[in-house]
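Residues in the sequence shown are numbered consecutively from 1, following the UniProt record's numbering.
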Amino acid sequence: MAQEAATNPDSTYRYAPYNRNRVRLRVPDGTLDYVNASAVVLPSPRRSLGSPAPAPASAPAPAPLRYIAMQGPVENSVDSVWRMVAEQFDSPVVIVQLTTMFENGAIKCYPYFPMSAEDEPWILNEDDAWDDGWGAELRFDSMETLEDGAIELRKLILRVAPPPPSAALAPDAGADADDADIEVTQTASPAPEPTEQVIWHFLYTRWPDFGAPALEDLGSFLTLMRLSRDYNTGGGSSGSSSSNNLSDTDSTSAAPSGPPPRIVHCSAGVGRTGTFITLEHLMRELDAGLLEAYPAAGPDLIHATVEALREQRPSMVQAPPQFLFLYSFLFLYSVLRRMWLERYAPALAAAEGGVGVGVGAGAGAGASTTSRDSTDGTASTAGDGEPAAKRLEMGDPFVD
1 MAQEAATNPD STYRYAPYNR NRVRLRVPDG TLDYVNASAV VLPSPRRSLG SPAPAPASAP
61 APAPLRYIAM QGPVENSVDS VWRMVAEQFD SPVVIVQLTT MFENGAIKCY PYFPMSAEDE
121 PWILNEDDAW DDGWGAELRF DSMETLEDGA IELRKLILRV APPPPSAALA PDAGADADDA
181 DIEVTQTASP APEPTEQVIW HFLYTRWPDF GAPALEDLGS FLTLMRLSRD YNTGGGSSGS
241 SSSNNLSDTD STSAAPSGPP PRIVHCSAGV GRTGTFITLE HLMRELDAGL LEAYPAAGPD
301 LIHATVEALR EQRPSMVQAP PQFLFLYSFL FLYSVLRRMW LERYAPALAA AEGGVGVGVG
361 AGAGAGASTT SRDSTDGTAS TAGDGEPAAK RLEMGDPFVD
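Structural data, given as structure tokens:
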């Protein structure tokens, strides 16, 4: 886990990112490079987790789905979040927020951007926290309400000012007269022009705390997924999008191919965020036709995907209703595929009866449950990567 999380005020929850894939700020040595965000990559359908039926060799492999899974910003992390955006992306940038700012009377996410035209532009890093002159201005441009209020799409503009040039060196007042004729003024290099990035911010308002989207909201949820992908590839807006370096853990590596990552967050950045990513990945598997002949005895792809996510960020997909939502939605989405009907109908029926959701190779198979700390309700972690629960009791506590 990131060592800074233990004392860093920017983390509200105990879900600190792993050091190996956390997103680091490019700041001077000795200053805080921490933001609670993890670089997450899922393989393309042709390299599907556990898929025994690869696509034809002639078919090009789609680029991997890439994300930055992030904790919802808190007041102290706003500057860090926007610096991360400026450093990791070119324009445009897509952010998907799956929580409202306030839920059930509790703060779930600090309002980290200007919400309307009435808000003045925000000046970021006014106190020069990193002592390198980085600064930026964030301003509201426009907002569109979609799907009967389920989606708020905002266009924001992030104007990043480069660090100021080095100051000229004045002659030493105690220098000899002969030395005074020597030009000692250092000519500064011309400062680069400020850059602007377009931010497309999707706020989804229909994912309730401690739950999953309702049946009547599935249409708006699918619209959210589709639009965020379209805008990320330039299909929903003008311009192209690219990523500078996803996690900056290896600045010498070549830039990844394919579309840039989307930033996805809820409150803790694990429950709803993990559910969104899991569902999008497996829907792409179904759309690619890779599960048409999937054997009933094959690996459980929902479980395998959650395992892969939890190797990259702790506790991804957290609550029993989120697992139930994944199985239920994918069952409905693939109702014409007999494999899904035969494989998951017993598990869904058992879950609705309060028995549990089978997540392993067989529904109701004797398997381990998610162990949780009795004092804070958080899932325990065995080793560096947390295993997904094989069987979830419907009475288990959940957080996100």
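Yeah, the Cβ is synthetic: ideal placement off N, Cα and C, and Gly gets one too.
In the structure shown, Tyr327 falls within a helical segment according to DSSP collapsed to helix, strand and coil. With distances taken between CA atoms, Pro162 lies nearest to Asp128 out of Phe102, Ala150, Asp128. Here Leu324 is actually not in contact with Val317; their C-beta atoms are around 11 angstroms apart, not less than 8 angstroms. In the DSSP assignment, Phe202 falls within the unbroken beta strand (DSSP E) covering 195–204. Within the same chain, and ignoring the five residues on either side of Val270 in sequence, the residues whose Cβ sits closer than 7 angstroms to its Cβ are Tyr15, Arg313, Pro314, Ser315, Met316, Gln318, Asp400.
Look at Leu42 here: in three-state DSSP terms it is strand. Here Arg226 is exposed: its Cβ has fewer than 16 other Cβ atoms, across all protein chains shown, within 10 Å. Counted as a single uninterrupted DSSP element, the alpha helix (DSSP H) harbouring Leu279 occupies residues 271–287.
In the DSSP secondary-structure assignment, Gln97 is bridged to Leu203, His265. Following the DSSP letters along the chain, one finds Arg226 in no beta strand (DSSP E) but inside the alpha helix (DSSP H) bounded by residues 218–232. Around the beta carbon of Ser267, 16 or more other beta carbons lie within 10 angstroms, which makes this residue buried. In this structure, Phe113 is the residue among Phe113, Leu326, Val41 with its C-alpha nearest to the C-alpha of His201. Boundaries of the alpha helix (DSSP H) around Met84: 78–88. Here the stretch 141–154 lies against the stretch 213–224, with 3 or more beta-carbon pairs under 8 angstroms apart.
The Cβ neighbour count for Gly135, taken over all protein chains shown within 10 Å, is at least 16; the residue is labelled buried. Nearest Cα to Asn76 within the set Arg159, Glu126, Leu65, Asn104: Glu126. Going by beta carbons, Leu158 and Trp207 fall outside the 8 angstroms limit.
The alpha carbon of Ile95 has as its nearest neighbour, out of Asn36, Leu279, Ile263, the alpha carbon of Ile263. When DSSP assignments are scanned along the stretch 91–162, the uninterrupted stretches of beta strand (DSSP E) that are 3 or more residues long and fall wholly within it turn out to be 93–97, 122–124, 135–146, 151–161.
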